[in-house]
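Take any residue in the sequence shown, count from 1 to its spot, add 18: that is its number in my numbering. Heads up, the beta-carbon is just placed ideally off N, CA and C, and yes, glycines get one too. Okay, so here's the structure we're looking at.
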Amino acid sequence: VDLRPIEGALLTERLILFLSVDVKDSTKAKRSEYLATPGTSREQSPDRPHDWREDFGSFLLYFGKLIGEVYRLEKASVRPPVLWKTIGDEVVLVTELHRLGDADEHIRLLLKVLSGVQLQAALPHKLKATAWTAELPVANLMLPFRLGADEQIPDPKELDQFDYIGPQIDLGFRLTKLATEREMSIS
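Structure below.
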């Protein structure tokens, strides 16, 4: 693949914010023992066992919708982050930071989204969040990862069309292990 048409954009200095939201103890919730355990976080009817797929599917759909609503209702001065990828039940969003204060605004709005998810009981499990930044191209790489058969190079402004590799990306994913439902990890 010839990256020369977007080489300048790939080499432009940028600061990218990653926002990760993960479901706490999701592996436990998915195990078959959980389905049979009385007293789980949601009441089970005797004729219908609890189905984790319903919970997580509803959460992912509701979460995406709520992000847009919160940014709109709060009259955000920043554009909502876009879904970069899901890793199991972890949702990773990405956005570019342009001004001093953008990261603070995104984190404040993400916390409102998380509160909304919990208040609406869209998921009977606790959520944990992490935020981190990565400098491009100084210490990390941004590479297109969704090339079609015609090998169309995506627009570098479409952050969800790229993969990100580098030490700051790795560090961010390590930070997710430190987050709890009460404390967001931020770097």
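Item	Value
Assumed close pair D178, L101 - CB separation to whole angstroms, cut-off 8 Å	6 Å
Under 8 Å between C-beta atoms of A149 and E123	no
From V109, E176, A147 and P185, residue whose alpha carbon lies closest to that of V156	P185
C-alpha distance - L35 paired with T198, whole-angstrom precision	20 Å
Beta-ladder partner(s) of M202, from DSSP	Looking at the DSSP assignment, M202 forms no beta bridge with any residue, so it has no partner.
Inter-residue Cα distance where the pair is L91 and S38	22 Å
Integer Cβ distance of T151 from L127, believed to fall under 8 Å	Not quite, the Cβ-Cβ distance comes to about 16 Å (not below 8 Å), so this is no contact.
Neighbourhood of F74 by C-beta, 6 Å cutoff - its chain only, sequence neighbours within 5 removed	D107
Distance between beta carbons of S203 and L189, contact taken as under 8 Å	Actually they do not touch by this definition, with Cβ atoms about 10 Å apart.
Pick from T113, P162, E201 and V96 that is closest to R218, judged by C-alpha positions	With the chain covering only 19 through 205, there is no way to say anything about residue 218.
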